[in-house]
Amino acid sequence: QIEASAQGHWHVIDDCRKSADPIGIAYVGAMCDDLFNVGITYKPNTPGAWSTTWLTFAHEVGHNFGMQHSFEEGVGSTGGIMDYGDKRLNGEYQFNKKYRKNEVCGKLSREVNANCQFLKDPVFTCGNKKLETGEECECPDGSSECECCKNCKLKGQCSPFDNPCCSERCTYADTRVP
C-alpha cells in the first residue's frame, strides 16, 4: 500500500529525452491529491535549453493547480504561460489572469485548502515525548506531569529531560569549575 504524501506537488525534471523542445505532462487539478499530485518536464538535451524548460515547468504546475490551456482567443494568441505561444502576456511571462485566475482561486479555496496537509495548522500533542512548538517541556514517561513539567509547561527553570544542563531540581546546573 502506498502511503499518502504530505507534499502538495511532486515534479520531475528529466534531461534524458532526445528532443529539440521541452515537453511536459501533469494531471489537471491534482494539487494535493494523494496519488496524482505529480508532473514531469522533459528538458531537451541541448545547449541553452533551460531558458525554455522553466516555462514548461510553470505550465505543468499550472495544470496541477487546476488551470486549463488558455486558447480562448486562439492557440498561441491568447497569451500567458498556459497558452502554446511564447508564454508572454503584455510582454511578461505570466499566467493569464483574465482566463485563469478564477480557476486557480477556486481550486485553492475548495480543494487545496481542504486536502493539503502543509497548509493546515500543525497539531501538537503534549505527552508524546517530543518537544514541539508552544511546549516548554515534556515528561520522559509521556505523562502530563512530572518533577519539572506540567501540561508541557515548566514548573521551574528547566527540565532535565529536554535540557542536559538542567539539574534534577529543575534549575540550571552549576557549570563553574571549582
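Each residue of the sequence shown is one higher than the last, beginning at 57 in this note's numbering. Beta carbons are placed, not taken as given, at the ideal position from N, Cα and C, and that holds for glycine. Predicted model only: the values in this text are computed from it and were never measured.
If distances are taken between C-alpha atoms only, which option among the options comes closest to residue i?
i      : options                       : result
CYS208 : PHE217, CYS195, PRO216        : CYS195
GLY63  : THR102, CYS172, LEU210, ILE69 : Per the sequence shown, the amino acid found at residue 63 is Gln instead of Gly. Of THR102, CYS172, LEU210, ILE69, the residue nearest in Cα terms is CYS172.
ASP90  : LEU210, GLY118, HIS65, ASP218 : HIS65
GLU116 : GLY130, ALA82, ALA86, ALA105  : ALA82
ASN158 : GLU188, GLY118, CYS88, ASP70  : GLY118
HIS125 : VAL160, THR189, ASN93         : VAL160
THR109 : LYS154, CYS88, LEU210, VAL68  : VAL68
Quick check on the DSSP output: the alpha helix (DSSP H) that includes residue i runs from which residue to which?
i      : result
THR109 : 106-120
VAL84  : Segment: none, VAL84 is in no alpha helix (DSSP H) and carries neither H nor E.
VAL68  : Looking at the DSSP string, VAL68 is not in any alpha helix (DSSP H); the run it does join, the beta strand (DSSP E), is 66-70.
ARG73  : Unbroken run through ARG73: none, as it is neither H nor E.
LYS143 : Taken as a continuous stretch (DSSP letters only), LYS143 belongs to no alpha helix (DSSP H), as it is neither H nor E.
ASN158 : 153-163
Mark residue i as exposed unless 16 or more other C-beta atoms lie within 10 angstroms of its C-beta, in which case mark it buried.
i      : result
ASN184 : exposed
CYS241 : Since the displayed the chain opens at 57 and closes at 234, residue 241 lies outside it and no answer follows.
PHE121 : buried
GLN57  : Only weak support exists for where GLN57 lies, its pLDDT of 48 falling under 50; the value from the coordinates is given anyway. It is exposed - the Cβ of GLN57 has fewer than 16 other Cβ atoms within 10 Å.
TYR228 : exposed
GLY80  : buried
LYS163 : buried
THR189 : exposed
GLU148 : exposed
ASN146 : exposed
For residue i, name the three-state secondary structure that DSSP assigns.
i      : result
ARG225 : coil
VAL131 : coil
LYS211 : coil
LYS185 : coil
GLU201 : strand
GLN57  : Here GLN57 scores only 48 on pLDDT, less than 50, and its place in the model is too uncertain to base an answer on.
ASP230 : coil
Please report the residue range of the beta strand (DSSP E) in which residue i lies.
i     : result
VAL94 : 94-98
Using beta carbons (cut-off 9 Å, strictly below), is residue i in contact with chain B?
i     : result
ILE69 : Annotation note: the requested chain B is absent from the structure, which comprises a single protein chain.
- prompt: Per the contact definition of three or more C-beta pairs closer than 8 Å, is the stretch 93-108 in contact with the stretch 124-142?
  reply: no
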